[in-house]
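Each residue of the sequence shown is one higher than the one before, counting from 930 in our numbering.
Even for Gly, the Cβ is constructed at its ideal location relative to N, Cα and C.
Written out below as structure tokens is the structure these notes cover.
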Amino acid sequence: MKKLNDAITELNGVGPKKAVALNKLGINTVRDLLTYFPRRYDDMSLIDLKQAVDGQKVTVKGIVLGEPTIVRFGRKRAIVNVQLLVNNSPITVSFFNQPWIKKQIEANTEIIVYGTFNQVRHQIQGIKIIHDGGNQFASIYPASKEIKQNTIQKLIQQAFDDYQSVIVDVVPEKLRKHYHLENFHDTIYNLHFPKSPKSAQLALRTGKFMEFFLYEMQLQEMREQKRIINSVAQIEIDDQSINHFIDQLPFQLTNAQIKVINEIKADLKAPREMNRLLQGDVGSGKTIVAAIAVLMTVLGGKQAAIMAPTEILAQQHANKLANLFKDTAVNVGLLTGSTKPAARKLLLPRIEDGQINLIVGTHALFQTEVRYQNLGLAVIDEQHRFGVNQRKALKAKGSAVNLLSMTATPIPRTLAITMYGDMDTSIIDELPAGRQSIKTTWLPAAKTNQALAFIKKQLLASHQVYVVAPLIEESDAVDMKNATEIYERFRTIFGEEFNVGLLHGRMTNDEKDEVMQQFKQGRYQLLVATTVIEVGVDVANANTMVILDADHFGLAQLHQLRGRVGRGADQSYCILIADPKNKLGKERMNAIVQSTDGFFLSQKDLELRGQGDLVGSKQSGLPEFRLGDPIGDMNILTVAANEARQIVSEKNWQSKPENVQLAKYLQTNKLNNM
Ligand code: ADP
Ligand code: MG
């Protein structure tokens, strides 16, 4: 019998290679694919050009006047021009670099063209010719180098055809009726293949509710679990050794760190599973707090795991911790997606028999083949990059796993309750003594030369510099091209005297690690990078960061990026190059210049987003949802949270007939919120 949780390889035409490429997009199961929703819909219904504005995407039907002409430039470039008679008025359509399209156009026939309208010249730059009646709304998905738009569209169609009969509703009928929601089958259909903008919108409303509701149900589950008395979760604390370890650190813990360590210690000692969120600004020293929790656990005879969102971070943690723990009983192992099979084969048995008692890694940590001897503590770094279900999956790796989630992006209390209501919170609200605050300035692009002169000065003083390439959300490919161009520019300027490196998201993990290592070792003095460097990367000698088109980033993200400098003893600098186009953009720039306080900035971020500023909403420190936006859709979120709470408050809710599918979903579906 088919199940939505079937692996993606069950579909025709998906072999191992394609599966890997799909995995990279977060698609592992048929459910993942069916809930991989369009980024946007292109409206391909016919339009009256008199109503169209300049630059608008339009679809027109017209008669071809005469033969199309083709002009070629060199081997690859060509323009096909064709005159169309649309509503009795002639217009020129030009197709760039699609020479083959000429064959599809015949004089005196009727064709439908989709393209960009140029009002001034009264022309259309053609994108494609639409052949059949087709769907009027083309669903456009986030694609990748290996998985093209076309492929995704086809796969989703196939998955829907094959699996639509097993799409069952998990949201109880009572709720669906009460809030006028569609069933899950129709929601999926209408989000992928909408007949009109309206039908997509209605489905979106249901989809958001469902996503939030299932998220909140999982939160409630975790909350319940926290209450259960379970002596297996208890860790016996070896105070003497812990104090000794703290005494020999090269620095004094801050009061805030000590307070938080005590909160964690109390949790670990208690016969209940810890579920704690540790908030602390960039550089506040969360890692050492986590390390002490790890040491408590290991000395108490259990294993600990630390999960980070990227390989670079995992590697960095593993190195630092191995060094920190070299005179202790802690044995560190590193396990990520790119751990080579041979190394993996050595590592897994040592995790299983407990020889390795601290496992650092990425989400590879909760793969099925990874078995722990007795996992007692799981630390999740940059926790907002993981979903509640991933927290759950890691917890499922032991019989009583204490959980410590860490984040550098604090969120206001009200929202914290809805988003992280399952966790207790600890806050490090103090930076280590002697930290100099980063000097931040904002320059318009016209003054870029000042920034270049400053960079040179820092490089000559043997410091290292980051240049952050602007964020282009279009696609990885565009991002890479853009970063590469900037890299070339900086190499032209600085390349004679200094070594310039490049880091972007299209590189393999090995390549990224290589570049980061080179930068750390000072082989590169200047590093041009995309936001890949964002989290946790630690190079003390890098004291200057220049962020290009800084207004393209959200506040939380700028704060995170800036946190890459200011890690050493020297004065650090951040230069923002930006010409923000509106008031909100200017406010964002002023806020980041004015403050280095993460709590202030996240509050400001939410405030500006409340005013309609959606730039960089992705990195606001909130969990990411497929459809919903916790701020923009706060109404739906609140309702969903209340309903989930209501359901769980009823005794034996799992066995009530109306909740059977819901309970089953929560049991079987570990990694997807829909
Ligand atoms: P974050 O909270 O951003 O993860 P880290 O844990 O990476 O910050 O700490 C940033 C730097 O500060 C590290 O180099 C760490 O060794 C150092 N550090 C941590 N705690 C203290 C302290 N109490 N005094 C001085 N330096 C500290
Ligand atoms: Mg950190």
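Subject >> Local conformation of V885 per DSSP, three classes >> reply: Outside the displayed span of the chain (930 to 1603) sits residue 885, for which this structure offers no information.
Subject >> Any non-hydrogen atom of the ligand MG closer than 7 Å to K1449 Cβ >> reply: no
Original post:
Does the beta-carbon distance from A1471 to V1397 come in below 8 Å?
Top reply: The answer is no: Cβ separation not under 8 Å.
Subject >> Own chain, CB closer than 6 Å to A1307, minus 5 neighbours either side, in chain order >> reply: Same-chain partners within the cutoff: A1234, L1323, V1330, L1332.
Original post:
Using the C-alpha atoms, what's the distance from L1566 back to Y965?
Top reply: Y965 and L1566 have their C-alpha atoms spaced approximately 20 Å apart.
**OP:** Use the C-beta contact count for E996: other C-beta atoms within 10 angstroms, 16 or more gives buried, fewer gives exposed.
**Re:** exposed
Subject >> the ligand MG heavy atom lying under 7 Å from the CB of K1215 >> reply: For the ligand MG, at least one heavy atom lies less than 7 Å from the Cβ of K1215.
Subject >> Proximity winner among W1371, N1438, L1182, K931, relative to E1516 (alpha-carbon distances) >> reply: Nearest option by C-alpha distance: W1371.
Original post:
With respect to the alpha helix (DSSP H) encompassing L1306, which residues constitute its N-terminal and C-terminal limits?
Top reply: Taken as a continuous stretch (DSSP letters only), L1306 belongs to no alpha helix (DSSP H), being part of the beta strand (DSSP E) at 1304 to 1309.
Subject >> Length of the line joining the Cα atoms of H1392 and T1473 >> reply: 8 Å
Original post:
Does the Cβ-Cβ distance between L1381 and I1422 come in under 8 Å?
Top reply: yes
Original post:
What did DSSP end up calling Y1349 once you bin it into helix, strand or coil?
Top reply: helix
Original post:
Per DSSP, which one or two residues make a beta bridge with Y970?
Top reply: S1068
Original post:
On the three-state DSSP scale, how would you describe P1509?
Top reply: coil
Original post:
If you check the beta carbons only, do Q1147 and V1317 fall under 8 Å apart?
Top reply: Yes, they are a contact pair.
Original post:
Using the C-alpha atoms, what's the distance from I1085 back to G955?
Top reply: 14 Å
Original post:
Between which two residues does the beta strand (DSSP E) harbouring G1003 extend?
Top reply: No residue range can be given for G1003, since it is assigned to no beta strand (DSSP E) and is classified by DSSP as neither H nor E.
**OP:** Look up T1116 in the DSSP assignment and say whether it is helix, strand or coil.
**Re:** helix
Original post:
Looking at M1335 and Q1312, is the spacing between their C-beta atoms short of 8 Å?
Top reply: Judged by beta-carbon spacing, M1335 lies within the 8 Å limit of Q1312, meaning their Cβ atoms are closer than that value.
**OP:** Can you grab the Cα-Cα spacing for the pair I1629 / S1018, in whole Å?
**Re:** Since the displayed the chain opens at 930 and closes at 1603, residue 1629 lies outside it and no answer follows.
**OP:** Mark A1479 as exposed unless 16 or more other C-beta atoms lie within 10 angstroms of its C-beta, in which case mark it buried.
**Re:** buried
Subject >> D1098 Cβ short of 7 Å to the ligand MG heavy atom set >> reply: no
**OP:** Assuming D1310 contacts N1204 (C-beta within less than 8 Å), just tell me the rounded distance between them.
**Re:** In fact, because the Cβ distance is near 16 Å, the residues do not count as touching under 8 Å.
Subject >> Simplified DSSP state of T1604, which is helix, strand or coil >> reply: Coverage of the chain is limited to positions 930 through 1603, which leaves residue 1604 absent and any answer about it impossible.
Original post:
Considering only residues of the same chain and omitting the five flanking positions on each side of A1220, which have a CB-CB separation below 8 Å?
Top reply: L1250, L1253, F1254
Original post:
Can you find at least 3 beta carbon pairs, one from the region 1488 to 1507 and one from the region 1213 to 1229, that sit closer than 8 Å?
Top reply: no
Subject >> Proximal residues to K1137 (C-beta, below 6 Å), its chain only, five neighbours per side dropped >> reply: L1556, G1557, D1562, I1565
Original post:
Is S1355 near L1207, with beta carbons less than 8 Å apart?
Top reply: yes
**OP:** Identify, in the order they occur along the chain, each residue of the same chain with its Cβ nearer than 6 Å to the Cβ of I1056, setting aside the five sequence neighbours on each side.
**Re:** Y1043, G1044
**OP:** Can you grab the Cα-Cα spacing for the pair H1051 / P1126, in whole Å?
**Re:** 28 Å
Original post:
Looking at the unbroken beta strand (DSSP E) that takes in P1019, where does it start and where does it end?
Top reply: 1018 to 1025
Original post:
How long is the line joining the alpha carbons of A1036 and L994, rounded to whole angstroms?
Top reply: Rounded to the nearest angstrom, the two C-alpha atoms are 6 Å apart.
**OP:** Can you tell me the Cβ-Cβ gap for Q1244 and V1466, rounded? I've got them flagged as a contact below 8 Å.
**Re:** Wrong, their Cβ atoms sit about 10 Å apart, outside the cutoff.
Original post:
Contact between the region 941 to 950 and the region 1006 to 1020: three or more CB pairs below 8 Å?
Top reply: no
Original post:
How do the region 1227 to 1241 and the region 1284 to 1294 stand: do at least 3 beta-carbon pairs fall below 8 Å, yes or no?
Top reply: Yes, the region 1227 to 1241 is in contact with the region 1284 to 1294.
Subject >> Own chain residues within Cβ distance below 8 Å of L1131, not counting five before or after >> reply: E1111, N1119
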